[in-house]
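Asks:
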Amino acid sequence: MCKSSKMRHGVVTVCKVTENNYVKVITNHCIFYKKDFMKPTDITRKTIEDVVNHLYEATGAATFFEPPTVKFASADDHWFTEFKTIISPEHWTPQEALNLLYPDATAKTVISFCCPNSREAREGNRKETERPCELWARIRSFGDQALQNMRNQLARWLQEHGVAAVAPFQQDDYKLAVKNLQSRWSERHVAFVTGMGTFGLSGGLITEHGVAHRLASVVTSLELPADVRPYGDDYTAWCIKCGACRRRCPAGSIGNTLAERDKTKCKEYQMKTIVPTRADTYGWMDFGIGCGLCQTAVPCEDKRP
Ligand code: B12
Ligand code: SF4
Ligand code: SF4
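According to the numbering used here, the sequence shown is numbered sequentially starting from 3.
1. Given a cut-off of 8 Å, decide if Asp-229 and Thr-196 are closer than it, judged by their beta-carbon atoms.
2. Does the distance from the C-beta atom of Trp-117 to that of Arg-47 stay below 8 Å?
3. Using the Cα positions of Ala-305 and Ile-208, report the straight-line distance between them to the nearest angstrom.
4. In or out: Leu-203 buried (at least 16 other Cβ within 10 Å) or exposed?
5. Is Ala-166 near Thr-95, with beta carbons less than 8 Å apart?
6. Under the rule that 16 or more other beta-carbon atoms within 10 Å means buried, what is Met-152, buried or exposed?
7. With Ala-193 as the anchor, note down where its alpha helix (DSSP H) starts and where it stops.
8. Could you pull out every residue in the same chain whose Cβ sits closer than 7 Å to the Cβ of Arg-250, ignoring the five residues on either side in sequence?
9. Taking all protein chains shown into account, do 16 or more other C-beta atoms lie within 10 angstroms of the C-beta of Thr-83, making it buried, or fewer, making it exposed?
10. Are the stretch 129-142 and the stretch 265-276 touching by the rule of at least three beta carbon pairs closer than 8 Å?
11. Do Gly-145 and Phe-66 count as a contact pair if the criterion is CB distance below 8 Å?
12. What whole-angstrom Cβ distance do Trp-159 and Phe-171 have, given they're in contact under 8 Å?
13. Which runs of the beta strand (DSSP E), 3 residues or longer, sit entirely within the stretch 91-139?
14. Please determine whether the Cβ atom of Arg-250 lies at a distance below 7 Å from any heavy atom of ligand 3.
15. With 16 as the cutoff for other CB atoms within 10 Å, does Trp-286 come out buried or exposed?
16. Helix, strand or coil: which one does DSSP assign to Thr-209?
17. Mapping the DSSP letters down to three states, classify Glu-303 as helix, strand or coil.
18. Would you say Pro-307 touches ligand 2, meaning its beta carbon is less than 7 Å from a heavy atom?
19. Note down, in chain order, each residue of its chain lying with its Cβ closer than 6 Å to the Cβ of Ser-255, except the 5 sequence neighbours on either side.
20. For Val-19, count neighbouring Cβ atoms within 10 angstroms of its own Cβ and tell me buried if that reaches 16, exposed if not.
21. Please determine whether the Cβ atom of Ala-179 lies at a distance below 7 Å from any heavy atom of ligand 1.
22. Please list, in chain order, all residues of the same chain as Gly-292 whose beta carbon is under 8 Å from its beta carbon, the five residues on each side excluded.
23. Whose CA, out of Asp-235, Asn-119 and Asn-55, lies closest to the CA of Val-213?
24. Note down, in chain order, each residue of its chain lying with its Cβ closer than 7 Å to the Cβ of Ala-148, except the 5 sequence neighbours on either side.
25. The alpha helix (DSSP H) that contains Val-54, what's its start and end?
26. Straight-line CA distance for Leu-156 to Ala-179?
27. From the DSSP output, read off the bridge partner residues of His-215.
This is the structure:
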């Protein structure tokens, strides 16, 4: 298939060269290969999963995490409006999040992906009792940077393919979120809606691959079929309430019920015990480091218990 058209590179001749949509683009001043010229109507859930898996390698996230799981929710899911009451009126609905960048677009789908922390980091953290092992700390500080790139790049990929998309976390004020102990886009709550998992006593989201992971999401105007939540609306269904996370927590932040959790103790422990010695212990500065002991050496570490 060959055709000529006018693109931003000038006059081009486009030739399809492979079966998996690699396209050779010859412009009047260069030749390059472009992965695909897919129309929005050609994009499926599988396409999005492929893009996320590609970004997992391309951004370096594979150094820190095990392969991602991708889930989808309808932007109209009843939970998103209920979070205005459950979390805060400031918490964005998918529609509000998309309107931050696209005032006229209609949000249709929320894509959430979950990257489990590497086995090596989890094994290292299992042995710790006060502060995170170095690999765990690296995931928090630098794995998170890769994850931010994955979110942004997924949104960019969708935008390049003609649909509105936003990574809401990237639009929020992170410092304010930590100060208030909650953001305007809670990745755990969003993942819960997509069917990724349910909340544990520790506050972590227990997924099919456990609780030791990081999450990211993108809202788009592209309509894709939603996942079914295997746990319905039972938001603590997968926690066996064993209390192992409570016993592991060096800050006394976790109680006997989810409501008893004291998030301030977790943050203060991080600020007073881990951060001041961050440069000496780990060798870098400026990035947040939480202990995550409640996510390792517990029955929900890497599986649904
Ligand atoms: C602020 C913040 C913190 C603060 C406070 C966290 C907090 N709220 O508990 C501090 C600095 C202390 C912190 C610590 C950690 N964090 Co943090 N943090 C965030 C951040 C930026 C915002 C969290 C937020 O807005 N939460 C919203 C509030 C409302 O959630 P919540 O208080 O936890 O919600 C509880 C209630 O809503 C309750 N609940 C009560 N009634 C009801 C009723 C219903 C119907 C429902 C649904 C829920 C519910 O259940 C929830 C669980 O506790 C997110 C990133 C993001 N934007 O999502 C990361 C995030 C939550 N952190 C993360 C991680 C990994 C950590 C640490 C393990 C540190 C580390 N990297 O090793 C610890 C874990 C602490 C813990 N026990 O969970 C991950 C969690 C992933 C996971 N495995 O679950 C996130 C999602 C970052 C990411 N991109 O992956 N964090
Ligand atoms: S350690 Fe036990 S109580 Fe804590 S979150 Fe995991 S399953 Fe729930
Ligand atoms: S991250 Fe550490 S201090 Fe915070 S709740 Fe988990 S074990 Fe406790």
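Backbone N, C-alpha and C fix where the C-beta goes; we use that ideal spot for every residue, glycine too.
Replies: The answer reads as follows:
1. Pairing Thr-196 with Asp-229 gives a Cβ-Cβ distance under 8 Å.
2. Contrary to the premise, residue 117 reads as Cys rather than Trp in this sequence. The answer is no: Cβ separation not under 8 Å.
3. For the sequence presented, residue 305 should be read as Lys rather than Ala. Rounded to whole angstroms, Lys-305 to Ile-208 spans 8 Å at the Cα level.
4. buried
5. no
6. Buried, by the Cβ-count rule.
7. 189-196
8. Leu-295, Cys-296, Ala-299 and Val-300
9. Taking all protein chains in view, the Cβ of Thr-83 is surrounded by fewer than 16 other Cβ atoms within 10 Å, so the residue is classified as exposed.
10. yes
11. Closer than 8 Å, so yes.
12. About 17 Å; that fails the 8 Å criterion.
13. 111-118
14. yes
15. exposed
16. Residue state, collapsed to three classes: strand.
17. coil
18. yes
19. Excluding positions up to five away in sequence, the list reads Asp-264, Lys-267 and Cys-268.
20. Confidence at Val-19 is low in this model, with a pLDDT of 46, below 50, so the placement of that residue should be treated as unreliable; the coordinate-derived value is given next. So Val-19 counts as exposed.
21. yes
22. Pro-134, Arg-142, Cys-268, Gln-272 and Ile-276
23. Here the closest residue by C-alpha is Asn-119.
24. Thr-61, Gly-62, Ala-63 and Phe-66
25. 47-60
26. Going from the Cα of Leu-156 to the Cα of Ala-179 covers about 23 Å.
27. Pro-118
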